Amino acid sequence: MARSWQLFLRSGGAILAGTPPRREATVRTIGLLGGMSWTSSIEYYRILNELVRDQRGGLHSAPLLLHSFDFDEVAALQAAGRWNDAGDLLAGAAKGLEAAGAELLLLCTNTMHKVAPAVQAAVSVPLLHIVDATAERVSAAGLGTVGLLGSSFTMEDGFYQERMQAHGLRVLVPGKADRQLVHRVIFEELCAGVLTQASRQAYREVIARLAAAGAEGVILGCTEIELLVGPADSPVEVFPTTRIHAQAAVAAATTVAGQGRTPSADRAGAQQDTGPSRPVPWWRLPVHTHERRERSSAQPALLKGRAAPPNQRRRGGRT
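To get the working numbering, take the position in the sequence shown, counting from 1, and add 995.
Spelled out as structure tokens, the structure:
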């Protein structure tokens, strides 16, 4: 029999026995470096608020601060190889978010994590790295080799693979023609909010080739990609980095009355270097109904043309 809790009311000297009081969870302010592109920043905003709503109930939502860039300016710096200038631009915005009260930062893009060290160096609050969060989810799934889809910068410049390798994971990228296709669809379509059935089918074929090459799972390593494809489009498990990043952020930002910072927040706060972190396993949080829905069920209405039947094969022995 569980020991009952007793509350002594000093004002009246009474003792009340009952169940343990519920410790109220609160969420610290999260700063978002967004707009890269706006289509995925919308997803960050939606997912973060849904997670906090489901965690706390009622009308609760996530305390957020957003700096939304004009992505055309950032994309021009990327194309010109001016990564130092891009890092300075993002670092300046990160300082502004910290000054406004952000206690944890998210860089809402995979590609711009190429300059994550410059952003982290500019602030005293932790920057939760998208690769670390994704690597934790891949490791938790028991996989060792994963394919990577993303911008050409993400797939080719090595920063993503090196950080994944530090977590003991092997990364495969598509062949040259497939990399060009994936990059083109991201910048010409997804970043502009355009979803087509032709591109969805093309991505399916790229994913299938990665699986045939030995990928046990596929990282959707551009925050826009999960707008186009999902689990039903892959013969192996997929890892949607926008949702993974948002889940890790809510876990890291959550505090419980009487306990102070969560272990994940303590670890995030201690991360001031540029090496891989090991966040608390936030994937063990309850999975809510809206997270179980396959995005593909809502996609046909958004896609031009008739949607192909979803792939029903088992993914690497997992359901």
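Just so you know, even glycine gets a beta-carbon here, dropped at the ideal spot from N, CA and C. These figures come from a predicted structure and were not determined experimentally.
For residue i, count neighbouring Cβ atoms within 10 angstroms of its own Cβ and tell me buried if that reaches 16, exposed if not.
i, result
"Q1073", "buried"
"L1122", "buried"
"D1065", "exposed"
"A1208", "exposed"
"R1179", "exposed"
"I1181", "buried"
"I1037", "exposed"
"Q1175", "exposed"
"A1193", "exposed"
"A1172", "exposed"
"G1087", "exposed"
"E1219", "buried"
"E1200", "exposed"
"A1089", "buried"
"G1145", "buried"
"A1071", "exposed"
"E1183", "exposed"
"E1221", "buried"
Taking only three categories from DSSP, how would you classify residue i?
i, result
"G1029", "strand"
"V1120", "coil"
"F1154", "helix"
"E1068", "helix"
"E1184", "coil"
"L1059", "strand"
"S1134", "helix"
"D1104", "Reading off the sequence shown, one finds Thr at residue 1104, where the question assumed Asp. Three-state DSSP puts T1104 in coil, outside helix and strand."
"L1164", "coil"
"V1233", "strand"
"L1054", "coil"
"P1271", "In this prediction, P1271 has a pLDDT of 43, which is less than 50 and means its spatial position is unreliable; nothing more can be read from the coordinates."
"H1285", "Legend: pLDDT at H1285 = 31, less than 50; position of this residue unreliable, no value from coordinates given."
"S1291", "Residue placement at S1291 is flagged as unreliable, the pLDDT there being 36, under the threshold of 50; the coordinate-derived value follows with that caveat. If DSSP states are grouped into helix, strand and coil, S1291 belongs with the helices."
First and last residue of the beta strand (DSSP E) that includes residue i?
i, result
"G984", "Since the displayed the chain opens at 996 and closes at 1314, residue 984 lies outside it and no answer follows."
"R1237", "What sits at residue 1237 in the sequence shown is Thr, not Arg. Unbroken run through T1237 is the alpha helix (DSSP H), 1236-1248; no beta strand (DSSP E)."
"V1141", "1140-1144"
"V1213", "1212-1215"
Could you name the residues of the same chain whose beta carbon sits closer than 8 Å to that of residue i, not counting the 5 residues immediately before and after it, in chain order?
i, result
"L1164", "A1130, V1133, S1134, L1138, G1139, T1140, V1141"
"A1095", "G1026, L1060"
"V1047", "V1022, H1055, S1056, A1057, V1245"
"D1083", "A1113"
"E1151", "V1168, R1174"
"D1080", "L1072"
Can you list, in chain order, the residues of its chain with a C-beta nearer than 6 Å to that of residue i? Leave out the 5 residues immediately preceding and following it.
i, result
"R1238", "I1042"
"S1063", "G1029, G1030"
"V1069", "M1031"
"A1248", "V1022, R1023, I1025, L1099"
"A1117", "A1086, A1089, K1090"
On the DSSP letters alone, give me the boundaries of the alpha helix (DSSP H) that residue i sits inside.
i, result
"T1024", "Unbroken run through T1024: none, as it is neither H nor E."
"E1221", "Run containing E1221: none; DSSP gives neither H nor E here."
"L1205", "1192-1207"
For residue i, which residues from the same chain have a beta carbon less than 7 Å from its beta carbon, with the 5 sequence-adjacent residues on both sides left out?
i, result
"M1159", "V1126, A1130, V1166"
"V1120", "E1093, A1097, E1098, L1099, L1100"
"A1210", "T1140, V1141, G1142, L1167, V1231"
"R1051", "A1020"
"A1128", "I1239, H1240, A1243, P1274"
"A1136", "G1212, E1232"
"T1034", "L1185, C1186, G1188, E1219, L1222"
For chain C, is any of its Cβ atoms less than 8 Å away from the one on residue i?
i, result
"A1075", "The chain inventory of the structure shown lacks chain C, comprising one protein chain alone."
Taking one C-beta from the stretch 1106-1114 and one from the stretch 1035-1043 each time, how about it: are there three or more such pairs within less than 8 Å? no
Does the pairing of the stretch 1218-1226 with the stretch 1241-1249 give three or more beta-carbon distances under 8 Å? no
Are there three or more Cβ pairs, one per stretch, closer than 8 Å when the stretch 1207-1220 is compared with the stretch 1068-1088? no
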